[in-house]
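Residues 59 to 798 in the working numbering are what the sequence shown spells out, letter by letter.
Cβ coordinates follow ideal geometry from the N, Cα and C atoms, glycine included.
Let me begin by presenting the structure, written as structure tokens, before commenting on it.
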Amino acid sequence: LNVSMDTWNFSYTCLVSLWLHRFYIYSVVAFGISIWIIIQFFTTKTKKKGEKSNGNPAASEGIKVNGYATLQAKEVYVAGVKIFYGSQTGTAKKFAKSLAEAVISLNLPVEVISMGDYDPDDCLAEETTSRNICVFLVATYTDGQPTESAAWFCKWLGEAVNDFRFGKTYLKGLRYAVFGLGNSVYVDHYNTVGRNIDRWLWMLSASRIMTRAEGDCNVAQSKHGSIEADFEAWKVKFLSRLQALCRGEKKPCSGKCKKGKCKSSRKQSKESSDHEHGASEHENTEAEGLFETSSEEEADAEEAGGTNAVVDVEDLGNIMSHMKKAKVLLSGSDFASFMSVVVLLAGTSGGIVGAWFDTCFQLQFCRLLIYFLFSGYKLIGSHSGVKLCRWTKSMLRGRGGCYKHTFYGIESHRCMEATPSLACANKCVFCWRHHTNPVGTEWRWKMDQPEMILQEAIENHQNMIKQFKGVSGVKADRFEEAMTARHCALSLVGEPIMYPEINRFVKLLHQHSISSFLVTNAQFPDEIRNLEPVTQLYVSVDASTKESLKRIDRPLFKDFWQRFLDSLKALSEKQQRTVYRLTLVKAWNVDELKAYADLIALGKPDFVEVKGVTYCGESSASNLTMANVPWHEEVVRFVQELADLVPDYEIACEHEHSNCLLMAHKKFKVDGEWCTWINYGRFQELVREHERSGGAKTFTAADYAAKTPRWALFGSRERGFDPLDVRYQRKNKARDISGC
């Protein structure tokens, strides 16, 4: 017992002693760690000095093996330099040639490229692995717009930033430098193009090798007295940086600077930082920041305020400040559209715009509206919009049309994608607009007239087509044809059938010889019954049971399931072409074959489109991932099993590129040949006769059917790709499962 007590007393004494002297112990440990850090620091520094004096080991030309010198391949850090220029008066071109001569003197390959002769869609991704340095010498022209030769490059790059198909790391590995040419007399637009290109490249994960520089034609404000002197000063720094890269030195700019601004601590960054032009420059910088918040910043904002957080009245001043910043970045017409919606929301409440009205008191308000504008949308009036479909661009360049070209014979380059109602009654998990549009169950919006909507839609569509004039690869004949729209896909966003004057709008389309493809989410059965004849009426059938529909579409109506069933019944009463559109989401709705077959029997559609869901990138509004996207083979297997359950239907067509198949009713199989295509001229004749007779003279889907070409049929070697076009595959990229 005494031994145990002695042991305990000894242990207790030691512990008390350690506790009383803990500060000395902490100091010794801290001192030891400090000594270790200092030793590591000097060891690393000495090692780097040794490498510089002896040459980079990785790049050494020879090593000794068993006492003999052997040659070793020298690592190439810079393969060459590509100089892109966008010039209106020739200044940027002159600078490009001058820079090329200087680069040649360094014994490096160099290529000078006019942006007007370069196709970024084909070639820019190759620079991620080429080890080239890309230099952009770009001038800002009238009203902050790019020069004519650089217009397409800038348009493509700006759209790529907002296009989920490219992804945030599309240009990772590309190294670049930007020199902008501008005139600070035009304060609001000074060097806008250079700043945009710099920001867009950075947002696609390209790496700056040095901070953007800006030349100023205004000698009073030019840092070096003239734009030529500004360029020469930048050129010296660029060549020095280029030589450092050739030696394999690490870059001073990490490419991860917050908000797209290079904040390198090195003297070089400080010397070559942007011009400061008083308050106007400060406003421009703030405006850029509005659109360049990182994902971490946005997450923090959402976590702090939440998506439903209401802003105090005192914070409304911040919202107005954001609007002023937005004006800097929006052209006149876009800002007018932006403000028209703001004014509308300020004087409206309840119903459909309730979500918008509430949102205008949230910090997210401006971002929602600006999303539409900067994603390529053209807002029309207070509730409509138009956008150029990517398949329109594709067919302009002879790279194939969308699935509607394959299934129904539309000319994708002559198709206008629009909507007379941005609002929707569902919040689908796979919404490709990430729920940036308003939601509601009834129309309480100040209504624009259909004549105005159609006129502005056509004008905006034509203006977007005009931007492709002279673009590399665009076919001249298709460009001319595209100026006259012949099809209108009323499926851009929202629920077009909610628009109270949808019948007048559809009639106006037909009077302009424009076919109508109208899509509805099956929540408005009365509107479907009252709808005048359209070329083709779609109903989205995203699930086959009440539970799965609620989970996938997240409808706002409490009686959504009855509305859904009533809509399908209303569809069965239509005499013109009707279509079910099924969107397959793995682990959500692919195991309901029998229930889908029952719904087909209920609505008796002429056609059933089955398409794999398109992954639209990450979104706080949905938890879908690429794992939910079915492979094309899985979609084919699903359709084959479904066709076995509906004896009146067979698989007719396939568009592999869109991951989509078409089942057609056997009545469209005439003498053993499918007739899924549309005779658009005949439809226009029939609809005019129908209107002249006051609706007495009716017609059916079979009256304007046309033979389907062999390449569009299921099982063909082309798999739905028009042989008149050339399929384009992006290099070094994952498979393209996207579609319209």
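Exercise for the section: Assign I610 to one of two classes, buried (16 or more other C-beta atoms within 10 Å of its C-beta) or exposed (fewer than that). Expected result: Under the 10 Å beta carbon count, I610 is surrounded by 16 or more other beta carbons and is classified as buried.
Problem - Pair within 9 Å by beta-carbon distance, D783 and G467 - result: No, the Cβ-Cβ distance between D783 and G467 is not below 9 Å.
Handout entry: Best match in V161, R612, C212 and E169 for proximity to R299 [C-alpha to C-alpha]
Key = Considering only alpha carbons, the answer is V161.
Handout entry: Where Q594 sits in the DSSP three-state scheme
Key = DSSP places Q594 in the strand class (E or B) of the three-state scheme.
Problem - Reduced DSSP category for P204 - H, G, I as helix; E, B as strand; rest coil - result: Looking at P204 - three-state DSSP - the assignment turns out to be strand.
Practice task
Please name the residue or residues paired with F526 in a DSSP beta bridge.
Solution key: Partner(s): none; F526 has no beta bridge.
Handout entry: Through-space distance from E699 to L595, alpha-carbon basis
Key = Near 25 Å, if we compare the C-alpha coordinates of E699 and L595.
Practice task
Please name the residue, chosen from A580, L629 and S606, that lies closest to Q620 on a Cα-to-Cα basis.
Solution key: Per the C-alpha coordinates, the member of A580, L629 and S606 positioned closest to Q620 is A580.
Problem - For K140: DSSP bridge partner residues - result: Bridge partners of K140: E169 and C192.
Problem - Rounded C-alpha distance that separates D506 from N561 - result: Annotation: D506 to N561 spans about 14 Å, alpha carbon to alpha carbon.
Practice task
Verify the contact flag: E553, CB atom, against every heavy atom of the ligand SAM, threshold strictly below 8 Å.
Solution key: For the structure depicted, the ligand SAM is absent and the ligand set is empty, with no information on it obtainable.
Problem - Residues bridged to R635 [DSSP beta-bridge criterion] - result: In the DSSP assignment, R635 is bridged to Q594.
Handout entry: For G238, the first and last residue of its enclosing alpha helix (DSSP H)
Key = DSSP places G238 outside any alpha helix (DSSP H); the residue lies instead in the beta strand (DSSP E), whose first and last residues are R233 to G240.
Handout entry: Beta-carbon proximity list for Y135, same chain, < 8 Å, skipping 5 on both sides
Key = Same-chain partners within the cutoff: A117, R189, L303, C304, R305 and G306.
Problem - Beta-carbon proximity check, Q634 vs F757, cutoff 9 Å - result: When the beta-carbon positions are compared, Q634 and F757 come within less than 9 Å of each other.
Practice task
For F296, collect the residues of the same chain with a Cβ closer than 7 Å to its Cβ; drop the 5 residues on either side in sequence, then sort them by chain order.
Solution key: Non-local C-beta neighbours of F296 in its own chain, meaning closer than 7 Å and more than five positions away in sequence, comprise A235 and M268, ordered along the chain.
Practice task
Within the region 679–728, note down every full alpha helix (DSSP H) run reaching 4 residues or more, in order along the chain.
Solution key: If we require 4 residues or more, the alpha helix (DSSP H) runs fully inside the region 679–728 come out as 690–703.
Exercise for the section: Consider the Cβ of D535: report whether some Cβ of chain B lies at a distance smaller than 9 Å. Expected result: In the structure shown, chain B cannot be found, because there is only a single protein chain.
Practice task
Have a look at H690 and W258 and give me their C-alpha separation to the nearest angstrom.
Solution key: Between H690 and W258, the C-alpha separation is close to 33 Å.
Exercise for the section: In the DSSP assignment, find the alpha helix (DSSP H) that holds K151 and state where it starts and stops. Expected result: Its alpha helix (DSSP H) spans residues T149 to I162.
Practice task
Starting from the C-beta of R740, find all residues in its chain whose C-beta is less than 6 Å away, skip the five residues before and the five after it, and write them out in chain order.
Solution key: Once the five neighbours on either side are set aside, the close Cβ partners of R740 are Y762.
Practice task
Can you grab the Cα-Cα spacing for the pair A722 / K765, in whole Å?
Solution key: K765 has its alpha-carbon roughly 13 Å from the corresponding atom of A722.
Problem - Rounded C-alpha distance that separates T636 from K213 - result: Rounded to the nearest angstrom, the two C-alpha atoms are 37 Å apart.
Exercise for the section: Pick out whichever of G283, I709 and D288 has its Cα sitting closest to the Cα of A271. Expected result: Of the candidates G283, I709 and D288, the one whose C-alpha sits nearest the C-alpha of A271 is D288.
Exercise for the section: Pull up the distance between the alpha-carbon of P204 and that of P508, whole angstroms please. Expected result: Between P204 and P508, the alpha-carbon positions lie close to 34 Å from each other.
Problem - Length of the line joining the Cα atoms of H713 and N686 - result: Annotation: H713 to N686 spans about 20 Å, alpha carbon to alpha carbon.
Practice task
Going by CA-CA distance only, name the one from C482, V529, R544 and I516 that's closest to F582.
Solution key: Ranking the options by Cα distance to F582, first place goes to C482.
Practice task
For my contact list, V668 and C718 are in at a C-beta cut-off of 8 Å; report their separation, rounded to the angstrom.
Solution key: By a beta-carbon distance limit of 8 Å, V668 contacts C718. Their separation comes to about 7 Å.
Problem - Backbone CA spacing between G148 and R233 [nearest angstrom] - result: Spanning the two alpha carbons is a distance of roughly 25 Å.
Handout entry: Stretch pair the region 583–590 + the region 654–662: three plus CB contacts closer than 8 Å
Key = In this structure the region 583–590 does not lie against the region 654–662, because fewer than three pairs of beta carbons, one per stretch, are closer than 8 Å.
Handout entry: Helix, strand or coil at R740 according to DSSP, with G and I counted as helix
Key = Correct three-state label for R740: helix.
Practice task
Using three-state DSSP, classify C447 as helix, strand or coil.
Solution key: DSSP places C447 outside both helix and strand once states are collapsed to three, so it counts as coil.
Practice task
Using 10 angstroms around the beta-carbon of A540, count the other beta-carbons present and answer buried if the total reaches 16, otherwise exposed.
Solution key: By the 10 Å Cβ count, A540 comes out buried.
Handout entry: Own chain, CB closer than 6 Å to Q279, minus 5 neighbours either side, in chain order
Key = Cβ neighbours of Q279 beyond the five flanking positions: S242.
Exercise for the section: Spatial neighbours of K604 within its chain, please: CB distance less than 7 Å, with the 5 preceding and 5 following residues excluded, ordered by chain position. Expected result: If we look at K604 and ignore the five residues flanking it on each side, its Cβ neighbours are W619.
Practice task
May I have the straight-line CA-CA distance separating M522 from T450, to the nearest angstrom?
Solution key: When rounded, the separation of the alpha-carbon atoms in M522 and T450 is 11 Å.
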